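Under the working numbering, the residue at position 1034 of the sequence shown is numbered 1034, and the numbers go up by one with no gaps.
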Amino acid sequence: FNCGPGLKTPGITIPRGDIEVEYGNPLEIYCILNPKFVAETGRNASQLEFSTLGSLVNPKLVDVVNETTIRLYDSKPAPSSSMYYCKLRADPERGLNVSSVCLNTVSVGFKPQEVKNFSCISRNWENLTCTWDPPKNYVKTTYKLNYHLGTNTRMRYACPKTTETKENFCLWDQRTSVVYRQPYETYTFKLYGNNTFGKISQEIVFHHYANVVPSKATNLTILDKTTNSALIEWAIVFPMQNFPPGVIQKVEYLSQYDKIDNWQTVNTSHLSIKNSIYKLNITGLKYANTAYDIRVFMRSAANLPGEEKWSLPATITVKTKDAIPGAPPKTDIGSFEVTADLYTRDVYLYWQQIPKYMYNGENFGYKVVYVLENGVPKNITPHEITKTYAVFKKVSFNSYRFAIASENKKGISAQSSEIFVPAHSESFPEPISFTKIAFKNSIYELSWKPPQKSNQIVNYTIFWCDNKMDRPFQCTGYLNWTKVSHKETIKNITVPEDILYQFAISANSDTGSSGMVWASCTVIRDRGVGKMKSFWINRIGARFIELGWKLECSDRIGVVTGFRIYYCPIIEPRNMDCKGGELLNTTILGDYNTIHGNITDLKPYTTYKVAILVLTKNGGQGQPSDYQFNTTLEASPDMPPENVEVSQITNTTMLVSWKRPTSMNGVLRYYNIYYNNEVQKFEGSEFQGTDINSATITSLSSFTNYSVSVSACTTSCSLKSPPVYVQTDIGAPGLMDAPTVKFNNFSIVLFWKAPKFTAGHLDYYQVKVQQSDDKMNDSISIYNSTDNEKQINIDDCKTEPLPRTYRVSVRAVNFDKNNDSLAGPWSDSGEGSCYVTGPSKVVLAIIWVFVLLVLSLIIVFSSKRIWRRCKEMQNVEVTLPPGLASTCEKEKVQEYHVQMHWPNKPQRVEIEHKSQNSADQELLLQKKKNSLREGVMDQSIVGEGDGDSSGCSSGHESVSSSIISGTHISTDSGTEADKRTCSPDTIFSTTDATLSSLRQHMLSKSNSENDVSGNNWVKSEPYVMLGGQAGPILTPQDDQFFGYCRVGESPTKQASSGYVSLPPTSSYLQNPLPSNNGYVSHPPCWEGISDSAAVNVTTPTASKGYVMAGDINPTTTSSYVRLGWEKPNSTAQPPPPAYNDYVPHRQCDFNL
């Protein structure tokens, strides 16, 4: 007994679920309660009911079957689809609400019926779309469509699956599962309908080719155009070129001046229906320089008559070429007006504008092409020319003939129109009393009187011009006219539109015309003095309004005696009735020439309504005008604020209260509160909506009398209220000037002036004394005084030798009404000092420190000068005479050996020399030698440029230190070399760092390219050749970069001289080095210096650091140690020059 899955209900309905009933059959539903529910709750079928569409089902259709069941029975329900509910009624006595039992959806419908509006369209012969409208049925009905071709009914093609999801729609194209079959002219469709009550099939024969709609033409272009034709071209979109029946073309055009639906159709019957590209020359275009919209349609040639299915239009706009205007303006014999004075006259020429479609070009206008004065051409131009008239001012009284033509950018019209203005003496009399009376339906009655001399009048011309305003404004619209007989004096004219028109008349003869006479105003038929329409407000003030008006011309008949103005203030903008119910009035006496008047004694900032009417003779009056509304300007309030009171007075503030003025005469902007010579503004936004207002005035002066007034301000301020006098309370006195401080017999005498701002009675003064000494010890004392002076004893000044500074400040003190002290601010300090004679200990200590500091600076400066002088004397370079220099003896260290091609492991070598010098020389040299050996045994490192570290202790110590000084050797690369020694004493004493530097600065290949353990020599390493050992193998390119020393061979001249010889030139750079020469390689410091520069060194000088080291003329076989000497040739060499017997001390410094 559940109504549905998952639902717990007290009963069910039978049948269950949705119910479908065919129209004409009965509807029967049972609602059954669960017997268990009935037993438990005591509720039964009598409490069941059916409802649908928000209301109970007619009780006549419901029966109680038994205690648990009711039945709904409708013999013929109407077609519908609705929900039926079975419910238990509420039981208020038992506190039970309405509860649902079950529900059913009931659909009453029909068997499937034939569809309506079945149609199929093929778009551009690329697809086929079929749609239909099924008849309304409340029972779900489905339709399926298929077709067969020709007589083969067995092969049917269904609607593609991709379109089945859309109801009442089917589409075939080349991409659908069932493709579109283009070549077949006829389709036979069959539509199947199906629902619960039955099935139906409907067969429809479809003419395929008759329902193909081409796409709109493409590539529509303008090939050429003239003033009245346009050549166009367009193409058909693929695949319509191959459409078997062919395609019919339709071309239409519409000019910018035609009505919107007035399309003109071009004859296209001569065009083929099988082309893919079409050309068409559209001729007979009426207007030059005019935009034409052109559109091209296409349809299938197989369309049935009356069922043409045209494509969407392809559109293009073309503007025809311009031409001269198509016509001149149209004129009449009397289309001119003349106004004259005593000597000249002004001539107005009027014409009828040509239609815009005849402009034929840009910059269109009108031009007076020539003027004849008494028949003679006159070169005058109009003072003003518009599209409707031209004005010639100050012309003579002679006759004139004017020719007027149209012109544009292309030129002037082929023809012109003429206006003849007769001479003043021959002017024709004008019609009299020309009047126009307006009737309904755009009908005007025009009347006039003939002139006195009317026998020559042939006819009259009546002109009318549509214009925005009546005379005296000039006609700027379209001018038209008609002729009437000379016998007529009244004419009715019906104008096309109900707008304002100006009218004029001229009297014409055979030879000339009087010119135009304009009607000055319009009279409304069947109306006396009407209500005034032209009525406005000229000016407004705070207490007046000035009105202006203009009488209608029908009222200007000499009967106006005055004007009455009605006015009153309104209640509010939403209630326009008069405040107080009384309508006031004032009368302005005058006639029809009176055009303004004033209303006075008005209330400021008040909205009034105003109307006016005309007073005529015999007590008559016209209708009052429509009311005008305006508000007078703001003004100052009539009265100042009332009930001004001052309360809550303190020594700096007071509270001012007042009552708002009863008549503000505007928007309250602010209040001004005046107190003595001060004024303070309070914005009105703070007091909106209140009658009693108050404000606090601050920053007042204490113990001061004030006169307080208040004014209220709109655009201007009211008068001040009567003053209220008050006095502020006692306050703290103001700032005093610094006191005067004097010392008299170890006491301070102080004087001061009372403060400018007393703020009370100045009950007493306070004096603050602050004393301080040079030890920054401060003490403060405060004294009271009722006078303006004070003497204070300072006994400490007698006993304390240190000076003391005294800073004294004063302030005034008042007692307020509560007897509380109110002290003012302390004044600036007055200063004075108490001190004894003679300097203090601190001053003496400072003086001694300063003296000692000066002496220390003098001693340090003098010591530094002496030290520098000694250093300069130590570094003096001495050049010894020949023969006094000692030979070099050096103990080689392991790190200094160069890895060369040795037969055994490198070892330390000590070179001994046998001397043939004198005893004194030998003694000096021996002492030097011993000192050198001690330095080697102690592993002293020499070469950092410090002479004291060489280990020498002989008499030549200064010389040795100079020679030992390290030298920077520069290669071509600009890299700084390590320092090394090169003196006779220590020529081979080189540190590891020096050798490392030399190795780094050699021009060589990397060690990986030359094995030091073999016969190949590593270019980057210096070498030593001893005795007869085989030397390194050098190429001509290698040997030119190295200096060398020969060691261990006895010279021919002196066997043991131990001299060191240096070459003066760099000629060795150009000669090859023998492989067994026994020299020590050394990188030349002067590499790159020219020979000519070297030759200039002729004598040794102390500044160049040379030391004589041996025989002046050594031979090639002597046992000299040669540094950087040129290699011997295979033949005997000439002896070196005399200057080569010197050892350069600082080889990198001499200027070669």
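Glycine included, each C-beta is placed from N, C-alpha and C at the ideal position. This one's a predicted model, so the numbers in the text were calculated from it and none came from an experiment.
Using the Cβ count rule (16 or more neighbours within 10 Å means buried), how would you classify residue 502?
Residue numbering aside, residue 502 sits at position 502 when the sequence shown is read from its first letter. Residue 502 should be labelled buried.
Going straight from the alpha carbon of residue 827 to that of residue 701, what length do you get?
Here residue 827 refers to the residue found at position 827 when the sequence shown is read from its first residue. Here residue 701 refers to the residue found at position 701 when the sequence shown is read from its first residue. If you take the alpha carbons of residue 827 and residue 701, they lie about 19 Å apart.
Distance between residue 830 and residue 866 (C-alpha atoms, nearest Å)
Along the sequence shown, one-based indexing puts residue 866 at 866. Along the sequence shown, one-based indexing puts residue 830 at 830. Going by the C-alpha atoms only, they are around 58 Å apart.
Pairwise C-alpha distance: residue 400 and residue 443:
Position 443 of the sequence shown, counted from the first residue, corresponds to residue 443. Position 400 of the sequence shown, counted from the first residue, corresponds to residue 400. Spanning the two alpha carbons is a distance of roughly 36 Å.
Grouping DSSP H, G and I as helix and E and B as strand, with all else coil, what is residue 20?
Here residue 20 refers to the residue found at position 20 when the sequence shown is read from its first residue. Residue state, collapsed to three classes: strand.
Report the three-state DSSP secondary structure of residue 467 (helix, strand or coil).
Position 467 of the sequence shown, counting from 1, holds the residue named residue 467. Annotated three-state conformation of residue 467 is coil, per DSSP.
Give the DSSP-derived three-state secondary structure of residue 874 in the structure shown.
Locating residue 874 in the sequence shown gives position 874, where the first residue counts as 1. In the structure shown, residue 874 sits in a helix (DSSP, three-state: H, G or I).
Residue from 57, 137, 543, 634 with nearest C-alpha to residue 714
If you number the sequence shown from 1, residue 714 lands on position 714. When only C-alpha atoms are compared, the closest one is 634.
So what does DSSP say about residue 966, is it helix, strand or coil?
Reading the sequence shown from its first residue, position 966 is the one you call residue 966. Its pLDDT being 37, under 50, residue 966 is placed unreliably by the model, and the measurement read from it follows with that caveat. In this structure, residue 966 counts as coil in the three-state DSSP scheme.
Tell me which residues share the same chain as residue 847 and place their Cβ nearer than 7 Å to its Cβ, disregarding the 5 neighbours each side in the sequence.
On the sequence shown, position 847 is the one that residue 847 refers to. Hits under 7 Å: none found.
Taking 8 Å as the threshold (C-beta atoms), are residue 658 and residue 707 in contact?
Walking along the sequence shown from the start, residue 707 turns up at place 707. Walking along the sequence shown from the start, residue 658 turns up at place 658. In this structure, residue 658 does not lie closer than 8 Å to residue 707 by Cβ.
Cα-Cα separation, residue 87 to residue 178
In the sequence shown, the residue the question calls residue 87 occupies position 87. In the sequence shown, the residue the question calls residue 178 occupies position 178. Their Cα atoms are separated by approximately 53 Å.
Pairwise C-alpha distance: residue 871 and residue 981
Here the question's residue 981 lines up with position 981 in the sequence shown. Here the question's residue 871 lines up with position 871 in the sequence shown. The pLDDT assigned to residue 981 is 39, lower than 50, so where the model puts this residue is not dependable, and the model offers no usable value.
Validate contact between the segment 92-111 and the segment 66-83 using beta carbons, cut 8 Å, 3 pairs
The segment 92-111, when compared against the segment 66-83, does touch it at the 8 Å Cβ threshold.
For residue 416, the nearest candidate out of 153, 371, 77, 765 (CA to CA):
Start at 1 with the first residue of the sequence shown, and residue 416 comes out as number 416. Ranking 153, 371, 77, 765 by Cα distance to residue 416 puts 371 first.
Which one of 93, 195, 710 has the shortest CA to CA distance from residue 661?
The residue labelled residue 661 in the question sits at position 661 within the sequence shown. Here the closest residue by C-alpha is 710.
Exposure label - residue 467; buried when at least 16 CB within 10 Å:
Within the sequence shown, residue 467 is the residue found at index 467, counting from 1. So residue 467 ends up on the buried side.
Cross-strand partners of residue 833 (DSSP beta bridge)
Stepping through the sequence shown from its first residue, residue 833 is reached at position 833. In DSSP, residue 833 forms a bridge with 805.
Do residue 131 and residue 119 come within 8 Å of each other at the CB atom, strictly closer than that value?
In the sequence shown, counting from the first residue as 1, residue 119 sits at position 119. In the sequence shown, counting from the first residue as 1, residue 131 sits at position 131. Yes, these two residues count as a Cβ contact at 8 Å.
Just curious, the beta strand (DSSP E) that residue 189 is in, first and last residue?
If you number the sequence shown from 1, residue 189 lands on position 189. Membership of residue 189 in the beta strand (DSSP E) is indicated by the continuous run 186-195.
Residue 1180, DSSP secondary structure in three states:
The displayed coordinates of the chain run from 1 to 1152. Any statement about residue 1180 would go beyond what the structure contains.
State buried or exposed for residue 395, treating a residue as buried only when at least 16 other CB atoms are found within 10 Å of its CB.
Locating residue 395 in the sequence shown gives position 395, counting from the first residue. Residue 395 should be labelled buried.
Contact between the segment 284-304 and the segment 371-385: three or more CB pairs below 8 Å?
no
What is the DSSP secondary structure of residue 857, counted as helix, strand or coil?
In the sequence shown, the residue the question calls residue 857 occupies position 857. Residue 857 falls in the helix class under three-state DSSP.
Would you identify the three-state DSSP class for residue 174, choosing helix, strand or coil?
Your numbering for residue 174 matches position 174 in the sequence shown. In the structure shown, the three-state DSSP call for residue 174 is coil.
Proximity to residue 785 [Cα-Cα], best of 778, 381, 767, 40:
The residue labelled residue 785 in the question sits at position 785 within the sequence shown. It is 767.
Do we get a CB-CB distance below 8 Å when we pair residue 152 with the residues of chain D?
Given the protein chain composition of this structure (a single chain), no chain D is represented.
Residue 15 versus residue 43 - alpha carbon distance:
Counted from its first residue, the sequence shown places residue 15 at position 15. Counted from its first residue, the sequence shown places residue 43 at position 43. Using only the alpha carbons, I get a separation of about 22 Å.
By alpha-carbon positions, which one of 256, 478, 230, 607 ends up nearest to residue 579?
For the purposes of this step, residue 579 is taken as the residue at position 579 of the sequence shown. Selected option, being the one with the closest Cα: 607.
Return the residue from the list 151, 167, 144, 168 that minimises the CA-CA distance to residue 158.
On the sequence shown, residue 158 is found 158 positions in, with the first residue counted as 1. Among 151, 167, 144, 168, the Cα nearest to that of residue 158 belongs to 144.
Supposed contact pair residue 717 and residue 636 - C-beta distance, whole angstroms, cut 8 Å
Counted from its first residue, the sequence shown places residue 636 at position 636. Counted from its first residue, the sequence shown places residue 717 at position 717. Indeed they touch by this definition, with Cβ atoms about 6 Å apart.
If we ignore side chains and look at the alpha-carbon of each, how far apart do residue 463 and residue 551 end up?
As a working note, residue 463 is residue 463 in the sequence shown. As a working note, residue 551 is residue 551 in the sequence shown. Straight-line Cα distance between these residues: approximately 25 Å.
What three-state label does DSSP hand residue 121 in the structure shown?
Reading the sequence shown from its first residue, position 121 is the one you call residue 121. Three-state DSSP puts residue 121 in a strand.
Helix, strand or coil, according to DSSP, for residue 321 in the structure here?
For the purposes of this step, residue 321 is identified with residue 321 of the sequence shown, where counting begins at 1. Note: residue 321 maps to coil in three-state DSSP.
Identify every residue that forms a DSSP beta bridge with residue 224.
Within the sequence shown, residue 224 is the residue found at index 224, counting from 1. According to DSSP, which records beta bridges pairwise, residue 224 is partnered with 231.
Using the DSSP secondary-structure output, state which residues sit across from residue 293 in a beta bridge.
Position 293 of the sequence shown, counting from 1, holds the residue named residue 293. According to DSSP, residue 293 shares a beta bridge with 254, 317.
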